[in-house]
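First comes the structure, then the notes that go with it.
Number of protein chains: 2
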Amino acid sequence: MTTGADGRGLAGFAALLADPTRAGFCLALLDGRAWTAGELARAAGVAASTASDHLTRLVAGGLLVEERQGRHRYVRLADPGVAQLVEDLAARAPAPATPPRTLRAASAGAALAYARTCYDHLAGRLGVLLYDALLDRGVLDRSGGLALTGNGVTWLAGLGVPVEPLRATRRPLVRDCLDWTERRPHLAGAVGAALCGRFLDLGWTTRGTGRAVRLTPSGRDALAEALALDPALLAPPASRDSGPARA
Amino acid sequence: MTTGADGRGLAGFAALLADPTRAGFCLALLDGRAWTAGELARAAGVAASTASDHLTRLVAGGLLVEERQGRHRYVRLADPGVAQLVEDLAARAPAPATPPRTLRAASAGAALAYARTCYDHLAGRLGVLLYDALLDRGVLDRSGGLALTGNGVTWLAGLGVPVEPLRATRRPLVRDCLDWTERRPHLAGAVGAALCGRFLDLGWTTRGTGRAVRLTPSGRDALAEALALDPALLAPPASRDSGPARA
DNA sequence: GGCACCGTTCGGCGCGGCCCGAACCGTGCC
DNA sequence: GGCACGGTTCGGGCCGCGCCGAACGGTGCC
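If you read the protein sequences in the order shown, they are chains A and B. For the first sequence, my numbering assigns the number 1337 to the initial residue and increments by one for each residue that follows. For the second sequence, my numbering assigns the number 1337 to the initial residue and increments by one for each residue that follows.
This is the structure in structure tokens:
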């Protein structure tokens, strides 16, 4: 018998993520969108009954929240904190050593490496570029912990992103999030999420398949100007894989 | 079959914490010290052989590192990131609903609620008080993410804590860490750890049983002066449970 | 109303885990 | 050298969990 808290609570919670199917669900839901139970079941390759059981447990455990609409059961991650937790755990987990087998997969991998959402903010090479540019431009400062500068508040306002409403949330304004392709931080937190959403609203970016994000031509120029960068720097690696190939 | 990464890596990693015994090990190791295999086995109430097996897996999974000394096997958490991960998970896990049964347990609980280490920094009521005072005094600033101010750098230097060496580490200088008794943040990160260690060096605090921390009388006065606070604010709730009772 | 579809519930099966005790090895102490 | 002690290895038992298929209920469409 131990004096303080034993590990049952923690173990029970961790067990929710200790199953490949449930973990796969959470990774899929990292795109920030709501999925139906059937979609998740198909994506994971399990029977609908199995998926239903797993979802019930994930919801009961507080990792997911559900929303019933007609005959559909939509689920999504409960809050950004859960997304961060899943990302943190996934970052420490060893990669299953599964190099891309097919051309399609390789192309999809390249698209994801270039730009993708990480829950609700921007990740990949573009995300890291943005992060670095924001530091250079004095929007962010990391002389003592990552922080948004007063300069940054006005810069955001110029983009149509008022900061005040973001302060009301419990979520930290800005936060480092380690990029698993670049191995360097990109911007998370309330500001990271707001920027990602604003880019979509402005048409600077569009959603690709899965978590992939595409930068539109006009978006590239506009973003380059806002960051005082050369537009060529923001271009994707190869020009072919930015559009849907054929299927 | 899914296109991107499946959940096996994440699940395997989470499984390390999905066992009550292993989870208990990690919680015990949150005190930041190295424990022997036998100590952990006794604390968890399992056979030595069982503990040995668990430790091997935790080390292989990168959560723990071990150090052999003679016939002892010392283990500790691999790095502060692991400690943060365990804390984050534990904070989300539901409490096992086990109210303190005995007077001893209640007293120990009160001591922990007052002041304890959270891996390597200060937590509990005292930790939260310190955090608030540092904000008031302008050592910390959270107008845009938590950050250490220039003012704070000199304040730390006055305490004999040079900041420059801390910048060399990959660890963030300052970080919020949610306190599970106070439900409010206290100070983590490299500065949080350095402060906690400095207080011990100065004799302002001493280690109690387990993760408990005691504030010495002289420490109370010195800390109150450094923070420009009333010393009475820093006093523990009741005077009796600060020392070893009798047994 | 009839049908297709999404999701849930219920048994039952099989695997993998967690745990222990016993035997063994190495270290340190007397 | 002998003994005590910490830790590890091995074999075996047991329980829980994840999976499925089949049957059922509810919803929406025609």
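We put the CB at the ideal spot given by N, CA and C, even for glycine. Quantities reported herein were computed from a predicted structural model and do not represent experimental measurements.
Please report how far the alpha carbon of residue i lies from the alpha carbon of residue j, in whole angstroms.
i: ASP1415 of chain B; j: PRO1567 of chain A; result: 40 Å
i: ALA1509 of chain A; j: LEU1559 of chain A; result: Looking at the sequence provided, one finds Leu at residue 1509 of chain A rather than Ala. If you take the alpha carbons of LEU1509 of chain A and LEU1559 of chain A, they lie about 21 Å apart.
i: VAL1527 of chain A; j: GLY1474 of chain B; result: 24 Å
i: ARG1369 of chain A; j: THR1490 of chain A; result: 30 Å
i: ARG1547 of chain A; j: GLN1420 of chain A; result: 16 Å
i: THR1541 of chain B; j: GLY1381 of chain A; result: 55 Å
i: GLY1488 of chain A; j: LEU1476 of chain A; result: 6 Å
i: ALA1347 of chain A; j: ARG1358 of chain A; result: 15 Å
i: ARG1428 of chain B; j: ASP1557 of chain A; result: 43 Å
i: ALA1387 of chain B; j: THR1505 of chain B; result: 33 Å
i: GLU1375 of chain B; j: GLY1544 of chain B; result: 17 Å
i: ALA1562 of chain B; j: LEU1492 of chain B; result: 10 Å
i: PRO1430 of chain A; j: VAL1497 of chain B; result: 36 Å
i: ARG1592 of chain B; j: ALA1396 of chain B; result: Nothing can be reported for residue 1592 of chain B: it is not among the residues displayed for chain B, which extend from 1337 to 1583.
i: THR1392 of chain B; j: GLY1398 of chain A; result: 31 Å
i: CYS1532 of chain A; j: PRO1553 of chain A; result: 17 Å
i: VAL1464 of chain A; j: GLU1518 of chain A; result: 8 Å
i: LEU1425 of chain B; j: ASP1472 of chain B; result: 30 Å
i: GLY1360 of chain B; j: ALA1483 of chain B; result: 33 Å
i: LEU1394 of chain A; j: SER1385 of chain A; result: 15 Å
i: LEU1458 of chain B; j: LEU1523 of chain B; result: 7 Å
i: GLY1555 of chain A; j: ASP1537 of chain A; result: 11 Å
i: ALA1571 of chain B; j: GLY1480 of chain A; result: 31 Å
i: LEU1363 of chain A; j: ALA1373 of chain A; result: 14 Å
i: ARG1378 of chain B; j: ASP1342 of chain A; result: 13 Å
i: TYR1410 of chain A; j: LEU1400 of chain A; result: 10 Å
i: GLU1507 of chain A; j: LEU1551 of chain A; result: The residue asked about is misnamed: residue 1507 of chain A is Arg in this sequence, not Glu. Near 27 Å, if we compare the C-alpha coordinates of LEU1551 of chain A and ARG1507 of chain A.
i: ALA1564 of chain B; j: ARG1478 of chain A; result: 28 Å
i: VAL1422 of chain A; j: ALA1441 of chain B; result: 34 Å
i: TRP1371 of chain B; j: ALA1446 of chain A; result: 45 Å
i: VAL1418 of chain A; j: ARG1344 of chain B; result: 18 Å
i: VAL1549 of chain A; j: TYR1467 of chain A; result: 16 Å
i: LEU1413 of chain B; j: HIS1390 of chain B; result: 14 Å
i: LEU1365 of chain A; j: TYR1450 of chain A; result: 20 Å
i: PHE1535 of chain B; j: ARG1534 of chain A; result: 46 Å
DSSP three-state label for residue i, please.
i: ALA1347 of chain B; result: helix
i: TRP1516 of chain B; result: coil
i: ARG1358 of chain B; result: helix
i: LEU1569 of chain A; result: helix
i: PRO1508 of chain B; result: coil
i: GLY1340 of chain A; result: Model confidence at GLY1340 of chain A stands at a pLDDT of 43, short of 50, so the residue's coordinates are unreliable; what they give is reported in the following sentence. Coil.
i: VAL1382 of chain B; result: coil
i: ARG1407 of chain A; result: coil
i: ARG1547 of chain A; result: coil
i: ARG1369 of chain A; result: coil
i: LEU1563 of chain A; result: helix
i: LEU1536 of chain A; result: helix
i: THR1542 of chain A; result: strand
i: ALA1589 of chain A; result: For residue 1589 of chain A there is no data in the structure shown, the boundaries of chain A being 1337 and 1583.
i: LEU1523 of chain A; result: strand
i: LEU1399 of chain B; result: coil
i: THR1552 of chain A; result: coil
i: LEU1353 of chain B; result: coil
Taking the beta carbon of residue i as the centre, do at least 16 other beta carbons fall within 10 Å, making it buried, or is it exposed?
i: LEU1569 of chain A; result: exposed
i: THR1485 of chain A; result: buried
i: ALA1383 of chain B; result: exposed
i: GLY1494 of chain A; result: exposed
i: HIS1408 of chain B; result: exposed
i: GLY1539 of chain A; result: exposed
i: ASP1367 of chain B; result: buried
i: ALA1444 of chain B; result: buried
i: ARG1461 of chain B; result: buried
i: LEU1448 of chain B; result: buried
i: LEU1439 of chain B; result: exposed
i: ALA1469 of chain B; result: buried
Count the CB pairs spanning the stretch 1354-1366 of chain B and the stretch 1341-1353 of chain A that are closer than 8 Å, and state whether there are at least three.
-> Between the stretch 1354-1366 of chain B and the stretch 1341-1353 of chain A there are three or more inter-stretch CB-CB distances shorter than 8 Å, so the stretches are counted as touching.
Evaluate the contact criterion for the stretch 1497-1504 of chain B versus the stretch 1512-1521 of chain B: three or more CB pairs, one atom per stretch, below 8 Å.
-> Because the criterion of three Cβ pairs below 8 Å is not met, the stretch 1497-1504 of chain B and the stretch 1512-1521 of chain B do not touch.
Within the chosen definition, does the stretch 1446-1466 of chain B reach the stretch 1528-1538 of chain B through at least 3 CB pairs nearer than 8 Å?
-> Result yes; three or more Cβ-Cβ pairs closer than 8 Å.
Contact the stretch 1392-1407 of chain A vs the stretch 1395-1412 of chain B: 3+ CB pairs below 8 Å | Too few Cβ pairs lie closer than 8 Å, so no.
Which runs of the beta strand (DSSP E), 3 residues or longer, sit entirely within the stretch 1418-1502 of chain A?
-> For the stretch 1418-1502 of chain A, whole beta strand (DSSP E) runs of length 3 or above, ordered along the chain, are 1452-1454 and 1457-1459.
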